[in-house]
Amino acid sequence: MIQKDETKTLAWAARIAVKDEDIPEFCDKLNQKMDSYSILGGAPTDGVKMTVNPSKLATVLRKDVVVPSMSVEEALKNAPETYETSFKIPKIL
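So in full-length UniProt numbering, spot 40 of the sequence shown is number 40, and the numbers just go up one at a time.
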């Protein structure tokens, strides 16, 4: 059963602002959801192989192949600002 302190931790981790007076309601809803998943605990799993990914695909990535590319000058020619061989962007922090 999920308690109030766990609900606060989950809300914080999910970056959800929850008022203290709303915590009991969230606890109830989370516990209802967890109870609905408890039916899976009774599912017969004898003889079922554990899987991480049910898909049979091994990989869908292409091989890395070196191909001709544009020059640094060509890549930067339309940039509003550059610094040496890089794009110059505004500071964020």
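Here a beta-carbon is modelled for each residue, glycine too, at the ideal position from N, C-alpha and C.
Give every residue of the same chain whose Cβ lies closer than 7 Å to the Cβ of residue i, excluding the five residues on either side of it in the sequence, and list them in chain order.
{"i": "GLU21", "result": "none"}
For residue i, list the residues DSSP reports as bridge partners.
{"i": "TYR83", "result": "SER86"}
Which same chain residues, not among the five before or five after residue i, have their C-beta less than 6 Å away from its C-beta?
{"i": "GLU81", "result": "LYS88"}
{"i": "ALA11", "result": "VAL18"}
Below 8 Å CB to CB, which residues in the same chain sit around residue i once its five sequence neighbours on both sides are set aside?
{"i": "GLN3", "result": "CYS27"}
Around the Cβ of residue i, are there at least 16 other Cβ atoms within 10 angstroms (buried) or fewer (exposed)?
{"i": "THR7", "result": "buried"}
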